[in-house]
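First comes the structure, then the notes that go with it.
Number of protein chains: 2
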Amino acid sequence: MSNPTAAILIIGDEILSGRTREANAHYLAGELTRVGIDLREIRVVPDDAQAIVAALNALRSAHTHVFTSGGIGPTHDDITADAVARAFGVELDVREDARALLAAHYAASGLEFNAARLRMACIPADASLIDNPISAAPGFSLGNVHVMAGVPNIFQAMVASLLPRLTGGRPVLSQSLRIDRGEGVIAEGLAALAAQFPDLSMGSYPFIRNGAYGTNIVIRGTDPVRIDAAMTRLAALYPGEPE
Amino acid sequence: MSNPTAAILIIGDEILSGRTREANAHYLAGELTRVGIDLREIRVVPDDAQAIVAALNALRSAHTHVFTSGGIGPTHDDITADAVARAFGVELDVREDARALLAAHYAASGLEFNAARLRMACIPADASLIDNPISAAPGFSLGNVHVMAGVPNIFQAMVASLLPRLTGGRPVLSQSLRIDRGEGVIAEGLAALAAQFPDLSMGSYPFIRNGAYGTNIVIRGTDPVRIDAAMTRLAALYPGEPE
């Protein structure tokens, strides 16, 4: 039996203008090779509904999987979810499960859950959500199309959530903790913790917020009891806000 | 009048496997923005004749220009020229002007001009050559398709040769000198020379050959007399081998 095939569709004017150097395709190419999915094509298209729909329909009929990156944020030029719904001919509206994820995230982080941010809860009715442990706004899978964020560390976290589902492994669960310290400060303690939980993966995603360094730690594994245990230890080491 | 549009077609299994991080699309995206050509799409396809031909025909009918990168070297998987000839339905054979360029280059550098390298002189009959001041093997333009090398510094040198022709500027001429010293050693002298010839551009393309650092300097401009003068000064500063 030959391997499943895949295409990556990158969406964003900023790539085509040369302003932003695209990095997600290279990252995902390596991950797909690792899990035995043959990547056959990468396309980059602008923030243009007609171009996105045309590319989606060409790629989803030709490949086992299509992975998209970009265009699912809160601003007017984030039109990927709408284009995916159009390509599949399905309705798009605020979905309660996605809205609840965002409401909890913004309540925990003290940010306003405004109308623009509510756009990120617009998900096609039949899609399954892709976990975003960094900033809550989910990606989604509809049919063989997997829609993910363009921000590289969120994209990578979504890929980590999604790939085990596609390759038939046990579902991977995750919990995250936001720590208001830089990666360099916590690296040693995190490495020691990871050594005590070799069955779990611990991802570190640095950020800068209001000029201060912080790190989101995402703990993943297949055993929820073990994840709880590791998360409790982590929270004791670095008291922070669970997100 | 709206701007001309363009697509970039990147050819190479090594990009899709994640082994190589693609860099030419980002570089060319910035250059196209600078000269007022709207980049509308980037595609990456494998070293597969059918995939290349299909992408070429889709993109060349949709855009003013199509720029390709990769697949024009001497090995069996370098099939871009053949695919371009197939897409246009034209013959492909060794062309005398391209063969002469390669013969002169290999004679000057003491490398054997073998059958594999002769493949790089196979150019569609009606194509115009794109200058390769680094390693001689030319790119070519056929209709609105511009075929260039995948090696980043050669790709960039070819873009510099090609773009003025597309945007209606005066033809840009070039001469190059290979200097068997690293960029860091010659940077100061080169900067002083460039300041004396503000009407010329001086590109520096580092390489490592047999473990030793070297630099190809390409001097470009529209006035051949000025280029000769600058090249004479450069050769006196850093005696080397003209290529």
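Those sequence lines, one after another, are chains A and B. Last residue of the first sequence: 243 (the UniProt record's numbering), numbering continuous. Last residue of the second sequence: 243 (the UniProt record's numbering), numbering continuous. Note that the Cβ used here is the ideal one computed from N, Cα and C, for glycine as well. Everything numeric in this text was worked out from a predicted model, so none of it was measured.
- Membership of Ile154 of chain B in any beta strand (DSSP E) is not indicated; the residue belongs instead to the alpha helix (DSSP H) covering 152-166.
- Chain A places a beta carbon closer than 7 Å to that of His26 of chain B, counting this residue as a contact.
- Sixteen is the threshold: when 16 or more other Cβ atoms of the shown chains lie within 10 Å of the Cβ of Gln175 of chain B, as they do, the residue is buried.
- Residues of the region 28-49 of chain A with a Cβ closer than 7 Å to any Cβ of chain B, in chain order: Ala29, Gly30, Thr33, Leu39, Arg40, Glu41, Ile42, Arg43, Val44, Val45, Pro46.
- Fewer than three Cβ pairs drawn from the region 69-78 of chain A and the region 70-89 of chain B lie within less than 8 Å of each other, which leaves the two stretches out of contact.
- Among the CB atoms of chain B, none fall inside 7 Å of the CB of Ser135 of chain A.
- If the five residues before and after Gln156 of chain A are omitted, its C-beta is found closer than 7 Å to the C-beta atoms of Tyr27, all from its own chain and listed in chain order.
- Counting along the chain, Leu129 of chain B sits inside the beta strand (DSSP E) bounded by residues 128-130.
- Boundaries cannot be given for Ser2 of chain A, as no alpha helix (DSSP H) includes it and DSSP labels it neither H nor E.
- Residue state for Leu177 of chain A is assigned as strand, using DSSP reduced to three classes.
- Boundaries of the alpha helix (DSSP H) harbouring Glu14 of chain B: 13-16, taken from the DSSP string.
- Per DSSP, the unbroken alpha helix (DSSP H) holding Phe88 of chain B starts and ends at 80-88.
- As DSSP reads the structure, Ala7 of chain B sits in a beta bridge with B:Glu41, B:Val66.
- Contact between the region 3-18 of chain B and the region 226-236 of chain A is not established, with fewer than three Cβ pairs separated by less than 8 Å.
- The C-beta distance from Leu129 of chain A to Glu31 of chain A rounds to 20 Å, too long to fall under 8 Å, and the pair is not in contact.
- If you draw a straight line from the Cα of Gly182 of chain B to the Cα of Gly211 of chain B, it comes to about 11 Å.
- Leaving aside the five residues that flank Ala127 of chain A on each side, the residues in its chain whose CB is nearer than 7 Å to its CB run, in chain order, Phe140, Ser141, Leu142.
- Chain order gives the chain B residues near Arg21 of chain A as His26, where near means a beta carbon separation below 7 Å.
- By the Cβ test, the region 76-83 of chain A is in contact with the region 50-59 of chain A, since at least three Cβ pairs between them sit closer than 8 Å.
- The three-state secondary structure of Ser135 of chain A, taken from DSSP, is coil.
- A direct Cα-Cα distance of roughly 16 Å separates Asp180 of chain B from His105 of chain B.
- For Gly18 of chain A, the closest Cβ of chain B is nearer than 7 Å.
- If the five residues before and after Asp13 of chain B are omitted, its C-beta is found closer than 7 Å to the C-beta atoms of Pro46, Asp47, all from its own chain and listed in chain order.
- Secondary structure of Thr232 of chain A (DSSP, three-state): helix.
- Classified as buried, His65 of chain A has 16 or more neighbouring CB atoms from the shown chains inside 10 Å of its CB.
- The continuous alpha helix (DSSP H) containing Asp97 of chain B extends over residues 96-109.
- DSSP places Arg34 of chain B in the uninterrupted alpha helix (DSSP H) bounded by 24-35.
- Ala212 of chain A sits in a strand when the DSSP states are folded into three classes.
- According to the DSSP assignment, Ile186 of chain B belongs to the alpha helix (DSSP H) that extends over 183-196.
- Residue nearest to Ala116 of chain B within the set B:Leu102, B:Val44, B:Leu177, B:Ala235 is B:Leu102 (criterion: CA-CA distance).
- Cβ neighbours of Thr215 of chain A within its own chain (closer than 8 Å, five residues either side excluded): Arg178, Ile179, Arg181, Gly182, Glu183, Ile186, Ser204, Tyr205, Pro206, Phe207.
- Under the three-state reduction of DSSP, Arg60 of chain A is assigned to helix.
- In the structure shown, Ile227 of chain B adopts helical secondary structure according to DSSP, grouped into three states.
- According to DSSP, Ile72 of chain B shares a beta bridge with no other residue.
- Here DSSP, grouped into helix, strand and coil, assigns Arg220 of chain A to strand.
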